[in-house]
Amino acid sequence: MRLYEYMAKNMLADYGIPIPKSRVVTSVDEAVETADDFGVPVVLKAQVLSGGRGKAGGIQFAETPRIAGENAQTLLASEIGGHRVETLLVEERLDIDREWYLGIIIDTASKSPVVMASAQGGVEIETVPDRNIFRATIDTKWGLFRYQMRALTTDMGISGVAARQVQTIAIALYRLFRREDALMAEINPLALCGDEVVAADARLTLDDDSRFRHRDWPDTEAFGEIGARIAELGLSYVPLAGDVAVLANGAGATMATMDALAHFGADPMNFLDVGGGADREKMGEALRLLASTDPKVILINVFGGITRCDELAQMVVDAKASGVLEAPLVIRLSGTNEDEGRDILEAAGLNAFNHLDQAARRAAELVGEGGADDNSSG
Amino acid sequence: MVVLVNRDTNVLVQGITGRSGALQTKVMIDYGTNVVAGVTPGKGGMEVEGVPVYDFIVDAMEHHDIDAAISFVPAPFAKDASIEAIDSGIKLLVLTTEEIPDQDVLAIIAHARAAGTTVLGPGTPGLFAPGKCKLGAHPSRMFQEGRVGIVSKSGALSYEVGKAMTEAGIGQSAVVGLGGGPIWGISQTEVLRLFENDPETDAIVLLGEIGGSMEEEAASFIADNISKPVVAIIVGRAAPEGKSLGHAGAIIEGDRGTAQAKIAALEEAGAYIARTPYEIADIIEEIRGDS
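Here it is, written out as structure tokens:
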């Protein structure tokens with residue numbers, strides 16, 4: 001889960017990392033009032049999760065409260081990366097002398113957290129040449145050592161009081177990374193303003209799998225109302241742009257289902273993995289939610305391992321009987337209790353393919369025909 | 001020894017009294033796996049499917065020879081249970097648990113590395129050598145004994161491919177699940193090496209996914225070290241950029257992790273590329289016809 005900038009900065013502050021004076025606002029009046037209170041030039045920053053915010057006009061400078069109000073009006077009416085801007089962060093404008101990059105990621109190759117730093121801050125780290133990036137691998141048993149951070153500041157050409165501050169910030173950032181179960185923590189730019197080092201912008205990604213020990217976390221990334229409700233069922237869902245709703249089990253098998261559709265010329269409308277052990281009620285609820293997104297065709301691909309085909313079949317029959325499935329259904333069933341599953345479907349006038357290729361081809365054909373078909377095509 | 005296991009492998013089940021643990025213990029025993037002991041804290045003295053349950057792994061090891069452990073312990077307790085297994089001298093740990101926090105996975109793998117323990121997973125269906133040993137949750141009737149090794153990040157996809165192969169009369173020497181990532185114990189490269197050195201394996205099927213760089217590393221390893229034919233598929237070709245599909249590791253970031261790059265690298269290394277699970281069986285039949 002990615003955090004909004006203001007959430008990330010609040011977390012940095014909790015770990016003693018200096019951040020600019022700021023306030024979160026959601027209206028023009030609040031923006032004007034904040035600029036007035038601060039009594040200095042401010043910057044208004046749209047709070048969105050997508051990158052490239054600056055280029056999209058999501059950061060506006062204001063010399064006076066009146067201009068802050070005008071900027072807030074524009075920003076709050078805008079969309080960035082397909083998301084409506086609903087929240088702004090109003091910050092005192094910094095007088096920046098130097099901009100650095102400081103980040104911690106998990107390096108999957110070495111299977112360790114790695115501190116990355118560069119004297120070229122304020123730009124995407126992916127665009128910085130490798131030779132200009134300092135890296136230090138962290139032994140999770142011991143944590144980050146100050147000598148490693150002394151090497152970091154030396155490499156970046158930082159000396160004196162600022163060097164000491166940067167080292168302390170890096171060590172605090174790793175403490176946050178560790179305790180808050182972060183997957184990525186980035187301060188960019190880390191700004192030198194006079195003799196103060198400040199986190200001018202920050203990005204944090206936290207590990208959703210660690211929610212059991214962070215019960216107060218918000219959920220910033222649910223995919224709309226359908227996504228939030230499917231997430232509540234504990235299932236994995238990603239909306240896409242195509243025509244065929246996909247319900248399958250197992251992440252790899254779900255991806256293979258999407259690929260098979262694409263292979264036959266149809267586009268998947270979503271990724272929905274009902275997992276290895278989802279029960280009938282959960283799968284049924286997920287199917288009903290999926291049907292409500294108005295697909296042209298629904299493709300169900302279940303390979304029963306722990307999931308039983310008869311349970312799946314009964315779930316589909318129940319959903320069909322309740323009248324919520326308007327789009328034609330294409331079903332593929334294989335695995336545990338497959339024969340029982342087929343019997344249940346057939347008794348309800350439904351059929352299932354035995355092979356994924358056949359089912360995907362049929363779903364693609366139905367999209368081509370405008371979805372005007374019943375589901376007895378097996 | 002086929003790949004990591006054989007007919008005589010003695011297995012301990014961690015979390016044996018839980019819903020998954022008890023069910024999979026029964027399925028493994030039914031298949032013929034030597035499940036000799038189980039562990040659940042506080043349940044010592046019980047029996048599950050006739051298997052004695054202990055409070056601690058070291059207690060089980062006093063009474064049994066144990067070659068491998070398979071863990072069904074829920075994610076919040078998986079780190080503790082895994083460290084116990086490693087500290088107790090378990091040399092092969094199959095970690096089926098999904099959704100373990102990444103930082104816990106890092107700790108488990110670092111500790112295992114220092115102790116010389118091999119970790120399969122996390123989030124793996126396990127390891128299945130048809131006709132020899134089932135150390136995992138694979139539906140056994142989709143597979144049959146044979147001479148083609150499968151290495152897969154995904155459980156259900158390996159079942160799909162196993163079914164296609166089995167229906168075409170192509171059996172498997174071992175089916176190894178790695179888990180969905182983004183951090184893995186054993187990697188594709190390590191399993192490729194095991195299959196290359198296994199006299200009971202003639203060809204290797206590699207089931208990869210978008211995201212990360214493991215397939216590229218496997219490709220360069222194949223080019224330099226693998227003499228047996230490799231058939232590969234990369235799933236997630238229809239995926240958009242920047243969205244993680246179910247497996248945390250299955251994400252395209254910028255131009256990193258794309259299916260195209262992985263397919264190109266594997267082709268360059270001499271692997272055969274399939275686009276659907278059924279094509280894999282077709283390609284293996286062609287290879288067999290040629291040899």
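In order, the protein sequence lines correspond to chains E and A. If you're matching positions, the first sequence starts at 1 in the working numbering and goes up one per residue. If you're matching positions, the second sequence starts at 1 in the working numbering and goes up one per residue. Glycine included, each C-beta is placed from N, C-alpha and C at the ideal position. Given the structure is predicted, the values throughout are model-derived calculations rather than measurements.
Per-residue burial, residue i [other beta carbons within 10 Å of its own, 16 or more giving buried]
i: ALA109/E; result: exposed
i: PRO292/A; result: The structure shown does not extend to residue 292/A, since chain A spans only 1 to 291, so no value can be given for it.
i: PRO189/E; result: buried
i: ASN301/E; result: buried
i: THR40/A; result: buried
i: TRP184/A; result: buried
i: LYS79/A; result: buried
i: VAL40/E; result: exposed
i: ASP83/E; result: According to the sequence as given, residue 83/E is His; it is not Asp. Burial call: exposed.
i: THR64/E; result: exposed
i: SER82/A; result: buried
i: PHE177/E; result: buried
i: SER305/A; result: Residue coverage of chain A in this structure runs from 1 to 291, which leaves residue 305/A outside it and unanswerable.
i: HIS329/A; result: Residue 329/A lies beyond the stretch modelled for chain A, which goes from 1 to 291, so this question has no answer here.
i: TRP142/E; result: exposed
i: GLN260/A; result: exposed
i: THR153/E; result: buried
i: ASP343/E; result: exposed
i: ALA253/E; result: buried
i: GLU311/E; result: buried
i: SER386/E; result: Given a span of 1 to 378 for chain E in the structure shown, any question on residue 386/E remains unanswerable.
i: ARG237/A; result: buried
Beta-bridge pairing of residue i - partner residues as DSSP gives them
i: MET184/E; result: ILE105/E and THR205/E
i: ILE29/A; result: Bridge partners of ILE29/A: none, in fact.
i: THR137/E; result: VAL114/E
i: ASN10/A; result: ASN34/A
i: GLY177/A; result: SER152/A
i: ARG98/E; result: LEU192/E
i: ALA46/E; result: LEU88/E
i: THR118/A; result: LEU92/A
i: ALA248/E; result: ASP273/E and ASN301/E
i: LEU333/E; result: VAL302/E
Close beta carbons around residue i, own chain, < 6 Å, minus the five adjacent residues each side
i: THR26/E; result: THR87
i: VAL128/E; result: SER118 and GLN120
i: GLY378/E; result: For GLY378/E, the pLDDT reaches just 38, beneath the cut-off of 50, and the residue's location in the model is therefore unreliable, although a value from the coordinates is still provided. Around GLY378/E: ASN351, ALA352 and PHE353.
i: LYS9/E; result: ILE19 and ALA202
i: LYS45/E; result: ILE59 and LEU89
i: ASP104/A; result: LYS79
i: GLU98/A; result: GLY123
Element boundaries [beta strand (DSSP E), containing residue i]
i: TYR159/A; result: Element bounds for TYR159/A: not the beta strand (DSSP E) but the alpha helix (DSSP H), 155-167.
i: ASN34/A; result: 34-39
i: ILE204/A; result: 203-209
i: ALA266/E; result: From DSSP, ALA266/E is part of no beta strand (DSSP E); its letter is neither H nor E.
i: LYS134/A; result: 133-136
i: PHE303/E; result: 297-304
i: SER220/A; result: No beta strand (DSSP E) holds SER220/A; the alpha helix (DSSP H) holding it covers 214-225.
i: ALA327/E; result: That residue, ALA327/E, is in no beta strand (DSSP E); it is neither H nor E in DSSP.
i: GLY275/E; result: From DSSP, GLY275/E is part of no beta strand (DSSP E); its letter is neither H nor E.
i: ALA232/A; result: 230-235
i: VAL25/E; result: 22-25
i: SER236/E; result: 236-239
Nearest neighbour of residue i, chosen from the options [CA to CA]
i: VAL324/E; options: ARG288/E, ALA359/E, ALA348/E and LEU89/E; result: ARG288/E
i: LYS282/E; options: MET255/E, GLU232/E and ALA327/E; result: GLU232/E
i: ILE437/E; options: ILE80/E, ALA31/E and GLN358/E; result: Within the shown structure, residues of chain E are numbered from 1 to 378, placing residue 437/E beyond reach of any answer.
i: SER297/A; options: ALA245/E, SER236/E and ASP243/E; result: Nothing can be reported for residue 297/A, as the shown portion of chain A is limited to 1 through 291.
i: ILE158/E; options: VAL197/E, GLY143/E and ARG93/E; result: VAL197/E
i: PRO101/A; options: GLN73/E, ASP209/E and LEU272/E; result: ASP209/E
i: ARG2/E; options: ALA359/E, GLN167/E, THR220/E and PHE264/E; result: THR220/E
i: PRO52/A; options: ILE16/A, GLU267/A, ALA37/A and ALA112/A; result: ALA37/A
i: THR293/E; options: GLU338/E, ALA241/E and PHE264/E; result: ALA241/E
Extent of the continuous alpha helix (DSSP H) run through residue i
i: PRO4/E; result: It is Tyr, not Pro, that sits at residue 4/E in the sequence shown. It is not in any alpha helix (DSSP H) - TYR4/E carries neither H nor E in the DSSP assignment.
i: GLN167/E; result: 160-179
i: LEU366/E; result: 356-368
i: ALA35/E; result: 28-38
i: VAL319/A; result: A question about residue 319/A goes unanswered here, because the residues of chain A that appear run from 1 up to 291.
Close beta carbons around residue i, own chain, < 8 Å, minus the five adjacent residues each side
i: LEU192/A; result: VAL151, ILE204, LEU206, ALA218, PHE221, ILE222, ASN225, ILE226 and VAL230
i: ILE96/E; result: PRO189, ALA191, LEU192, CYS193 and ALA200
i: VAL3/A; result: LEU127, ALA129, GLY149, SER173, ALA174, VAL176, VAL191, LEU194, PHE195, ASP198 and THR201
Beta-carbon proximity list for residue i, same chain, < 7 Å, skipping 5 on both sides
i: TYR159/A; result: HIS138, PRO139 and MET142
i: ASP36/E; result: PRO65
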